[in-house]
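Engineer: Numbering (our numbering), first residue to last: 754 to 934. Note that CB positions come from ideal geometry on N, CA and C, so glycine has one too.
#1: Give the range of the alpha helix (DSSP H) segment to which residue 834 is assigned.
#2: If you measure from the CB of residue 875, is any heavy atom of the ligand SAH nearer than 6 Å?
#3: Going by DSSP, what residue range makes up the alpha helix (DSSP H) through residue 810?
#4: At what residues does the alpha helix (DSSP H) containing residue 935 begin and finish?
#5: Is it buried or exposed for residue 806, if we count other Cβ within 10 angstroms and need 16 for buried?
#6: Taking the straight line between their C-alpha atoms, what separation do you get for residue 861 and residue 894?
#7: Select from 782, 780, 795 the residue whose C-alpha is nearest the C-alpha of residue 845.
#8: Distance check for residue 838 and residue 797, CA to CA, integer angstroms please.
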């Protein structure tokens, strides 16, 4: 059994019974001038991204494009992400220590929620590209359809994964014209 006076603190690897020393402050990794310059650059870049995406969303509304599309959802996620990042980095101008010690909800919104938005954006991009790949494969399976030149990478990858090709996968563009006649 361990005695109370012989217990070791895991955080500082010294005995709990020893009196605590004054906390030593580690030297800053970058100087305050560099930190201020980087904060200004990041804030400017995120705000430029925000205004660019905002203008793209207004163009979607102005020209009457489909409002619920992959493009508009992607742009809205980017707009929200850049707004949160601009808010976080502009908050660094005022008080860096206070930015590190926020209440749980603002801390989650400024630090954790942008990561969730990035994950949603990546999932949306994967869904978009997978839908494109499946539409190319569907076009490829139709026997009387001319082969799409954009489907060449898909045909090449399916030839690697499927060593026994069907008849339509080996047809060239000129052969497809002959079968249609």
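Structural biologist: Once the coordinates are examined:
#1: For this step, residue 834 is matched to residue 81 along the chain shown. Residue 834 -> alpha helix (DSSP H) spans 823 to 847.
#2: Because no ligand of any kind appears in the structure shown, any question about the ligand SAH cannot be addressed here.
#3: By one-based count along the chain shown, residue 810 stands at place 57. Unbroken alpha helix (DSSP H) run through residue 810: 785 to 815.
#4: Residue 935 is absent from the model: the chain starts at 754 and stops at 934.
#5: Translated into positions along the chain shown, residue 806 becomes position 53. Looking at its Cβ environment, which holds 16 or more other Cβ atoms inside 10 Å, residue 806 is buried.
#6: Counted from its first residue, the chain shown places residue 861 at position 108. Counted from its first residue, the chain shown places residue 894 at position 141. The straight-line gap from Cα to Cα measures roughly 48 Å.
#7: Your numbering for residue 845 matches position 92 in the chain shown. Of the candidates 782, 780, 795, the one whose C-alpha sits nearest the C-alpha of residue 845 is 795.
#8: To locate residue 797, count along the chain shown from 1; it is residue 44. To locate residue 838, count along the chain shown from 1; it is residue 85. Cα to Cα, residue 797 sits roughly 11 Å from residue 838.
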